[in-house]
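Engineer:
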Amino acid sequence: MQRPTLAPLYYLTNFHRALGWISERYGDLLGDQEQAFIAAFQQLPLPSQALLVRLVMRKGPLFLASKLHYPEIGCIRSAAAPLTSVGWLDTKPELSLPQLFQLLTRADLAQALPAGPAGQRKDAWLAELSPQYPEPRPLAAWHPTTSDTVYAMQVTPICERLRLMFFGNLHQDWSEFVLTDLGVFQYEKVPFSPHSRAFQHRQEIDDYLHLHDCRQRLHQGTAITELLDAIPSQPYGNPWLESRRARLLFQLAQQSEADDAATALAIYQRSSHPGARARQVRLLERQQQYTTAYALATAAQQQPESDAELQQLARMLPRLARRLGQAKPAPAPALPAPEQWLELPRPESGQAVELAVRDHLHRIDAPVHYVENTLLNGLFGLLFWPALYAPLPGAFFHPFQAAPADLYRPDFQQRRAAICAQCFAELDSGSYRETLRQRYQEKAGLQCPFIHWPWLTPDLLEQALAAIPPQHLKLLFQRMLADLQANRTGLPDLIQFQAGHPGYRMIEVKGPGDKLQDNQKRWLAYCLAHDLPISVCYVRWQAGSEADTP
DNA sequence: ACGTATAATCAAGGC
DNA sequence: GTGGGTACCG
DNA sequence: GCCTTGATTATACGGTACCCAC
Ligand SMILES: [Mn+2]
Ligand SMILES: [Mn+2]
1 MQRPTLAPLY YLTNFHRALG WISERYGDLL GDQEQAFIAA FQQLPLPSQA LLVRLVMRKG
61 PLFLASKLHY PEIGCIRSAA APLTSVGWLD TKPELSLPQL FQLLTRADLA QALPAGPAGQ
121 RKDAWLAELS PQYPEPRPLA AWHPTTSDTV YAMQVTPICE RLRLMFFGNL HQDWSEFVLT
181 DLGVFQYEKV PFSPHSRAFQ HRQEIDDYLH LHDCRQRLHQ GTAITELLDA IPSQPYGNPW
241 LESRRARLLF QLAQQSEADD AATALAIYQR SSHPGARARQ VRLLERQQQY TTAYALATAA
301 QQQPESDAEL QQLARMLPRL ARRLGQAKPA PAPALPAPEQ WLELPRPESG QAVELAVRDH
361 LHRIDAPVHY VENTLLNGLF GLLFWPALYA PLPGAFFHPF QAAPADLYRP DFQQRRAAIC
421 AQCFAELDSG SYRETLRQRY QEKAGLQCPF IHWPWLTPDL LEQALAAIPP QHLKLLFQRM
481 LADLQANRTG LPDLIQFQAG HPGYRMIEVK GPGDKLQDNQ KRWLAYCLAH DLPISVCYVR
541 WQAGSEADTP
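Per full-length UniProt numbering, the first sequence runs over residues 1 to 550.
#1: Shortest alpha-carbon distance to Leu383 belongs to which of Pro399, Ser535 and Phe424?
#2: Could you please give the first and the last residue of the uninterrupted beta strand (DSSP E) stretch that includes Lys510?
#3: To the nearest angstrom, how far is it from the Cα of Arg215 to the Cα of Phe199?
#4: Which partner residues does Cys420 have in the DSSP bridge list?
#5: Go to Met165, then tell me how far its alpha helix (DSSP H) extends in each direction, as first and last residue.
#6: To the nearest angstrom, how far is the alpha carbon of Glu434 from that of Leu465?
#7: Confirm, please, whether the CB-CB distance from Ala402 to Pro449 is below 8 angstroms.
#8: Could you compute how far the alpha carbon of Leu484 sits from the alpha carbon of Leu491?
#9: Taking all protein chains shown into account, decide if Pro93 is buried (16 or more other Cβ within 10 angstroms of its Cβ) or exposed.
#10: What separation, rounded to the nearest whole angstrom, lies between the Cα atoms of Gln422 and Asn519?
#11: Taking 7 angstroms as the cut-off, is the C-beta of Asp493 nearer than that to any heavy atom in ligand 1?
#12: In angstroms, rounded to a whole number, what distance separates the CA positions of Gly119 and His143?
#13: Can you have a look at Leu375 and say buried or exposed, based on whether 16 or more other CB atoms are within 10 angstroms of its CB?
#14: Determine, using beta carbons only, whether residue 552 and Ser306 come nearer to each other than 8 angstroms.
#15: For Trp125 and Gly116, what's the separation of their Cα atoms in angstroms?
#16: Compute every distance between the C-beta of Glu354 and the non-hydrogen atoms of ligand 2, then say whether any falls below 7 angstroms.
#17: Report back the beta-carbon spacing between Arg247 and Pro235 to the nearest angstrom; my notes put them in contact at under 8 angstroms.
#18: Under a Cβ-count criterion, where at least 16 other Cβ atoms within 10 Å of its own Cβ denotes burial, should Thr149 be classed as buried or exposed?
#19: Assign Glu426 to one of three DSSP states: helix, strand, or coil.
#20: With distances taken Cα to Cα, identify the nearest neighbour of Arg106 among Lys122, Pro367, Asp459 and Ser96.
#21: Report all residues from its chain with a CB closer than 7 angstroms to the CB of Ser535; omit the five preceding and five following residues, and keep chain order.
#22: Say the cut is 7 angstroms; is the CB of Glu372 nearer than that to a heavy atom of ligand 1?
#23: Hey, Ala453 and Gly445 are a contact pair by Cβ (cut 8 angstroms); roughly how many whole angstroms apart?
#24: For ligand 2, is there any heavy atom lying closer than 7 angstroms to the beta carbon of Val509?
#25: Does at least one heavy atom of ligand 3 sit under 7 angstroms from the Cβ of Leu320?
#26: Run through DSSP, which three-state label would Thr5 get?
#27: Under the DSSP definition of a beta bridge, which residues are partnered with Ser535?
#28: Leaving aside the five residues before and after Asp548 along the sequence, list all residues of the same chain whose C-beta is less than 8 angstroms from its C-beta, in chain order.
#29: So, helix, strand or coil for Val368, using DSSP?
#30: Leaving aside the five residues before and after Leu460 along the sequence, list all residues of the same chain whose C-beta is less than 8 angstroms from its C-beta, in chain order.
#31: Comparing alpha-carbon positions, which option in Gly237, Leu179, Gln172 and Trp174 lies nearest Glu204?
#32: Which residues in the same chain have their Cβ closer than 7 angstroms to the Cβ of Arg323, if we skip the five residues on either side of it in sequence?
#33: Is it right to say Asn169 is buried, meaning 16 or more other beta carbons lie within 10 angstroms of its own, or is it exposed?
#34: Taking 8 angstroms as the cut-off, decide whether the C-beta atoms of Ala356 and Pro367 are in contact.
#35: Short check: CB of Phe497 to CB of Gln463, under 8 angstroms?
#36: How would you call Ala276, buried or exposed, if buried means at least 16 neighbouring beta carbons within 10 angstroms?
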């Protein structure tokens, strides 16, 4: 593929585009600090602007002047000077010993510090010296003979905030621009109004940043109690932020489960994250508070948050009932799934069991494909493309989105009811086949969370269109749409296309020691209830086909 | 909605 | 030297 | 049988420069 050649300062151009974008849409949500930053940035000499952007895109926050080489910028020190005078770079930061170790190479450190035993690891050396050097110092104090300079980035918080405002998340970064220009990422072009933006209130941005900070501290091992104090005790009004708060609480509770079950319980109670209630029941059970556990479980059963929760409750309730001496509830009926047992020679090369079964079942007139979730997700993405990329207010707000912002919100389908109905109607009329072929041609390569293009080959698509009855597709898609997040996984490993009716069958492969997962059981139950051809294939290895692993 | 996560799978141990 | 992990690049 | 835990794999842009540890 031919890559367009880029202007030397392409990244600066991109950053200007971003700043302009933000200024246009967020004028009312920018604080004095951010406004001043944007204004002052434009006043800087170009090499200084370029250097700042380079550093913003790097890890930092500390950089050695001698390690910065940018031909398009030229002299780093002259480019840096204006940045230090506005206070965006600090040239004399106090460095802790660990920071010094991160910044300098082994060889450089050896000139500044007493050497340890030969061949000592860098981290051991640091550990050994740490007690002797508790105080931070400027580089010149650590290493008097060096002529090097350290630059410490001072504007990370502002730049992070701007990035968040642009993308509506913090996992995308400014390289999206160049990667898209190069065609590495291709996004569907969705029209949206010039005032579309990820946030409507400054408080939402603050809240997002605050939660993000708490999450990072959780990951760094900050004490749970400290974080609990930091996280708002009341739900956010914004459902999107509230789900993030709930998830953070859930993770907090998870962390506390091991050493403080009571705290964990209390935190789960405050979280509306999926599964939080089931964890409460489980923890209560573990604490032998069977009455409370049973009460919560039965209440949950009356108003389950999901099939997944019902599934968990159905396992816990009989145990709890037994503990409480209640009448033994009827055992859950086993899934009446067709089963098949195979005894196969263990593949030479440690080949996956799914592939072994695929090859065993494969017939010239009944080909088998190892597809897992990719086939159905792919077909779904193709058919519902107009719904996924419908220009609804608030769904799209920058050009680098692979999906609408509300994809996994419960009202996704509801908000697009008419379009979804049209997509379903194509299954009834039969026009979907031509639509999907066309759409595959048209959209191949574009980022879409449901389509892994390399797996969904034209050949596989054709076979699926020929074999799977549209009414079956309809049933499968209906379940997906009911919960796009939960129901995009758990689909069977293999699909076999065959003559006659229904024209295909789905097969979940289970090797020795493997069991059906919850999400697989849910798909299994759904397919059985709707007469969709599904089965489970259990595999044993032939004795002597290969020595067991010790 | 990529907290370098979910996925799925395998293995082992506890009740 | 080599291999592995990380950061950076476009 | 159920539940947990941890390990382990793959993918997610692909290539390269650099540093470190062995
Ligand atoms: Mn599988
Ligand atoms: Mn399987």
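Glycine residues also receive a C-beta, built at the ideal position from the N, C-alpha and C atoms. Predicted, not measured: the structure shown is a model, and the values here were computed from it.
Structural biologist: Working from what's here:
#1: Reading the first sequence from its first residue, position 383 is the one you call residue 383. It is Phe424 whose Cα lies nearest to the Cα of Leu383.
#2: Locating residue 510 in the first sequence gives position 510, where the first residue counts as 1. Where Lys510 is concerned, the enclosing beta strand (DSSP E) stretches over Tyr504 to Lys510.
#3: Start at 1 with the first residue of the first sequence, and residue 215 comes out as number 215. Start at 1 with the first residue of the first sequence, and residue 199 comes out as number 199. Distance between the alpha carbons of Arg215 and Phe199 is about 20 angstroms.
#4: For the purposes of this step, residue 420 is taken as residue 420 along the first sequence, with counting starting at 1. Beta-bridge pairing links Cys420 to no other residue.
#5: Looking up residue 165 in the first sequence gives position 165. Its alpha helix (DSSP H) spans residues Thr156 to Phe167.
#6: Within the first sequence, residue 434 is the residue found at index 434, counting from 1. Within the first sequence, residue 465 is the residue found at index 465, counting from 1. Rounded to the nearest angstrom, the two C-alpha atoms are 9 angstroms apart.
#7: Stepping through the first sequence from its first residue, residue 449 is reached at position 449. Stepping through the first sequence from its first residue, residue 402 is reached at position 402. In this structure, Ala402 lies closer than 8 angstroms to Pro449 by Cβ.
#8: Within the first sequence, residue 484 is the residue found at index 484, counting from 1. Within the first sequence, residue 491 is the residue found at index 491, counting from 1. Distance between the alpha carbons of Leu484 and Leu491: 13 angstroms.
#9: Locating residue 93 in the first sequence gives position 93, where the first residue counts as 1. By the 10 Å Cβ count, Pro93 comes out buried.
#10: Position 422 of the first sequence, counting from 1, holds the residue named residue 422. Position 519 of the first sequence, counting from 1, holds the residue named residue 519. Going from the Cα of Gln422 to the Cα of Asn519 covers about 29 angstroms.
#11: Against the first sequence, residue 493 aligns to sequence position 493. Correct: Asp493 has its Cβ closer than 7 angstroms to ligand 1.
#12: As a position in the first sequence, residue 119 is number 119, starting the count at 1. As a position in the first sequence, residue 143 is number 143, starting the count at 1. Cα to Cα, the separation comes out at about 22 angstroms.
#13: The residue labelled residue 375 in the question sits at position 375 within the first sequence. Leu375 comes out buried.
#14: No answer is possible for residue 552: it lies beyond the span of the chain, which begins at 1 and ends at 550.
#15: The residue given as residue 125 occupies position 125 in the first sequence. The residue given as residue 116 occupies position 116 in the first sequence. The alpha-carbon atoms of Trp125 and Gly116 are separated by roughly 6 angstroms.
#16: Locating residue 354 in the first sequence gives position 354, where the first residue counts as 1. True, at least one ligand heavy atom lies under 7 angstroms from that Cβ.
#17: The residue given as residue 247 occupies position 247 in the first sequence. The residue given as residue 235 occupies position 235 in the first sequence. Not quite, the Cβ-Cβ distance comes to about 13 angstroms (not below 8 angstroms), so this is no contact.
#18: Within the first sequence, the letter at position 149 stands for residue 149. So Thr149 ends up on the buried side.
#19: The residue given as residue 426 occupies position 426 in the first sequence. Helix at Glu426.
#20: For the purposes of this step, residue 106 is identified with residue 106 of the first sequence, where counting begins at 1. Of the candidates Lys122, Pro367, Asp459 and Ser96, the one whose C-alpha sits nearest the C-alpha of Arg106 is Lys122.
#21: Against the first sequence, residue 535 aligns to sequence position 535. Ala337, Pro338, Glu339, Gln340, Arg505 and Ile507, listed in sequence order.
#22: Along the first sequence, one-based indexing puts residue 372 at 372. Glu372: yes, Cβ under 7 angstroms from ligand 1.
#23: Counting from one through the first sequence, the residue named residue 453 turns up at place 453. Counting from one through the first sequence, the residue named residue 445 turns up at place 445. According to the sequence provided, residue 453 is Trp. The question's Ala does not apply to it. About 6 angstroms separates the two Cβ atoms, so the contact holds.
#24: Reading the first sequence from its first residue, position 509 is the one you call residue 509. Answer for Val509: yes, Cβ within range of ligand 2.
#25: Ligand 3 is not part of the structure shown, which contains ligand 1 and ligand 2 as its ligands.
#26: Here residue 5 is taken as the residue at index 5 of the first sequence, counted from 1. In the structure shown, Thr5 sits in coil (DSSP, three-state: anything other than H, G, I, E or B).
#27: The residue you call residue 535 lines up with position 535 of the first sequence. Ile507, per the DSSP bridge assignment.
#28: Here residue 548 refers to the residue found at position 548 when the first sequence is read from its first residue. At Asp548 the pLDDT is 41, less than 50, meaning the model places this residue with poor confidence and gives no usable figure here.
#29: What you label residue 368 is simply residue 368 of the first sequence in a count that begins at 1. Residue state, collapsed to three classes: strand.
#30: Counting from 1 along the first sequence, the entry for residue 460 is found at position 460. Closer than 8 angstroms at Cβ, skipping near neighbours: His369, Val371 and Leu375.
#31: Indexing the first sequence from 1 puts residue 204 at position 204. The option with the nearest alpha carbon to Glu204 is Gly237.
#32: Here the question's residue 323 lines up with position 323 in the first sequence. So the list reads Tyr290, once near-sequence residues are dropped.
#33: Numbered from its first residue, the first sequence carries residue 169 at position 169. Under this definition Asn169 is an exposed residue.
#34: Counting from one through the first sequence, the residue named residue 356 turns up at place 356. Counting from one through the first sequence, the residue named residue 367 turns up at place 367. Going by C-beta atoms, Ala356 is not nearer than 8 angstroms to Pro367.
#35: For the purposes of this step, residue 497 is taken as the residue at position 497 of the first sequence. For the purposes of this step, residue 463 is taken as the residue at position 463 of the first sequence. Cβ distance < 8 angstroms, so Phe497 and Gln463 count as in contact.
#36: Within the first sequence, numbered from 1, the residue matching residue 276 stands at position 276. Flag for Ala276 reads buried.
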